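S.K.: Going by my numbering, the letters in the sequence shown line up with residues 198 to 477, in that order.
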Amino acid sequence: MRGEHGTDNGPRAEEAPMKMIVQLSIAFAVLFALFALLQLTRPRDRRLPLLRRGFWTDAAYWLFTPVVTRTMTQIALVVALAPLAILIYGKLDANLVRHGYGPAARLPLWLQAVAILLISDLFGYWMHRAFHRGHLWRFHAVHHSSVDLDWLSSVRQHPVNDALMRIVTTLPVVALGFSPVAVLGLLPVITFMAILVHANVDWDWGPLRGLVASPCFHRWHHSDEAAARDKNFAGLFPFWDILFGTYYMPPDRRPSGFGTQTPVPAGLVGQLVFPFRRSA
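1) What would DSSP say about F434, mapped onto helix, strand or coil?
2) Taking only the alpha-carbon atoms, compute the straight-line gap between V319 and A312 and give it to the nearest angstrom.
3) Residues in its own chain within less than 8 Å of R326 by CB, not counting five upstream and five downstream?
4) Could you say if the segment 406–422 and the segment 443–453 meet the contact criterion of at least three C-beta pairs nearer than 8 Å?
5) Rounded to a whole number of angstroms, what is the C-alpha to C-alpha distance between F441 and L235?
6) So, with DSSP's three-state summary, where would you put S420?
7) Out of G403, L361 and N397, which has the shortest C-alpha to C-alpha gap to P412?
8) Would L306 pass as a contact of P263 if the rule is Cβ separation under 9 Å?
9) Can you tell me where the alpha helix (DSSP H) holding G467 begins and where it ends?
10) Tell me the start and end of each unbroken alpha helix (DSSP H) in the segment 309–387 that is at least 4 residues and wholly inside, in chain order.
11) Hey, V265 and P356 are a contact pair by Cβ (cut 8 Å); roughly how many whole angstroms apart?
12) So who's on the other strand from F455, going by DSSP bridges?
13) Please report how far the alpha carbon of R199 lies from the alpha carbon of M215, in whole angstroms.
14) Output yes or no for whether 9 Å exceeds the beta carbon distance between A410 and F434.
15) Look up P246 in the DSSP assignment and say whether it is helix, strand or coil.
16) Helix, strand or coil, according to DSSP, for V398 in the structure here?
17) Pop quiz: Y258 and R353 are said to be a contact at Cβ under 8 Å. What is the actual Cβ separation, rounded to whole angstroms?
18) Can you tell me which of D399, G374 and R303 puts its alpha carbon nearest to the alpha carbon of R239?
19) Measure the C-alpha to C-alpha separation of T366 and L231 and round it to an integer number of angstroms.
20) Since W437 and I392 should fall inside the 8 Å C-beta cutoff, what is the C-beta to C-beta distance between them, to a whole number of angstroms?
21) Helix, strand or coil for G203? Go by DSSP, reduced to three states.
22) Taking just the CA atoms, how far does L314 sit from I387?
23) Report the rounded CA-to-CA distance for F252 versus G407, giving the unit in angstroms.
24) Could you pull out every residue in the same chain whose Cβ sits closer than 6 Å to the Cβ of G299, ignoring the five residues on either side in sequence?
25) Would you say L346 and R416 are within 9 Å of each other, going by their C-beta atoms?
26) Name the DSSP bridge partner or partners of P240?
27) Report yes if the C-beta distance between P472 and H329 is below 9 Å; otherwise report no.
28) Considering only their Cβ atoms, is the gap separating A338 from T254 smaller than 9 Å?
29) Near A233, what residues of its chain come up, given a Cβ to Cβ distance below 6 Å and the 5 sequence neighbours on each side ignored?
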């Protein structure tokens, strides 16, 4: 509701970026403290300092990527879902966005959550494999350029890489009719898992290692060893890798190093420009 001078009682549009920066800064501080504690108590690499190589570059990504990627993803999803809404309802119906449609939307939310995680991770698995091929690798190589791996390495994502992955994993479940409420509700879980699997902790989940992605599982994906190349693509469920022949978890051994032979620049600006350079 507007007051006498035409201002909203809620936060103004120009305040939104600052609010996001504050929220991201608080989340950064909490996660930094949490993973610093975990790294001190159960580290995989005891020699890795908290402020390791590339820390400040990745800290810049922490603030930069959410703003840019969220905008790109929202625009792309609207463009993609508009024809779908017209096809199903004969018009742009807000119910598609609010409640979903068809049998999927009538499932209990917990069952929708399980199905959404499975479907989105399956699409994410194949998109991840695609990122390791051809021109798409130029964008994904930015993520693999981390030579010191910890929780913050998870955010070193080129905006094109991040936006495409979000679209490919989100669009199918929304198109199938699942409730966007369930989809959005799972985003914090998926985001935290993406951060956790990059952490410098020696966890492999024991007998569940083939069911749920762990830091040990994903660290092999980042390994610079030839035998580990193009392995462990799943973000949540390693059984996709088992099913499609890309699972790699040698017993009683850990990666000796990380990184890529692709010459990705060290700084944020250089990494953002890198995929578009002819020599990339």
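The beta-carbon is built from N, C-alpha and C at its ideal position, and this holds for glycine as well.
All values reported here derive from a predicted model rather than from experimental measurement.
M.R.: Looking at the atomic coordinates:
1) Correct three-state label for F434: coil.
2) Looking at the sequence itself, residue 319 is Leu, so the reference to Val does not match. C-alpha separation (whole angstroms): 11 Å.
3) The answer, listed in chain order, is D427, F430 and T443.
4) Yes: the two stretches touch, three or more of their Cβ pairs being nearer than 8 Å.
5) For F441 and L235, the distance between alpha carbons rounds to 32 Å.
6) When secondary structure is reduced to three states using DSSP, S420 falls in the strand class.
7) Closest by C-alpha distance to P412, out of G403, L361 and N397, is N397.
8) In this structure, P263 does not lie closer than 9 Å to L306 by Cβ.
9) Run containing G467: L465 to V470, per the alpha helix (DSSP H) assignment.
10) Listed in chain order, they are 333–341 and 356–372.
11) With a beta-carbon spacing of about 5 Å, V265 and P356 fall inside the 8 Å limit used to define contacts.
12) S420, per the DSSP bridge assignment.
13) The predicted model places R199 with a pLDDT of 45, which falls under 50 and marks its position as unreliable; any figure quoted below should be read in that light. Approximately 22 Å between the Cα atoms of the pair.
14) Contact flag set, yes.
15) It is coil, neither helix nor strand.
16) Residue state, collapsed to three classes: strand.
17) Right, the Cβ-Cβ distance comes to about 5 Å (below 8 Å), so this counts as a contact.
18) Shortest Cα-Cα distance from R239 to any of D399, G374 and R303 involves D399.
19) T366 and L231: Cα-Cα distance of roughly 28 Å.
20) For W437 against I392, the beta-carbon gap comes to about 20 Å, at or over 8 Å, which does not count as contact.
21) Because the pLDDT at G203 is just 47, under 50, the model does not fix this residue reliably, and the point stays unresolved.
22) Spanning the two alpha carbons is a distance of roughly 8 Å.
23) Looking at the two C-alpha atoms, the distance is approximately 31 Å.
24) Sequence-distant partners of G299 (beyond 5 residues in either direction) whose C-beta falls short of 6 Å from its own C-beta, in its chain, are G374.
25) Yes. Within cutoff.
26) In the DSSP secondary-structure assignment, P240 is bridged to V398.
27) Taking 9 Å as the Cβ cut-off, P472 and H329 do not qualify as a contacting pair.
28) If you check the CB distance, T254 and A338 do not come in under 9 Å.
29) Counting only Cβ-Cβ distances below 6 Å, and skipping sequence neighbours, we find L247.
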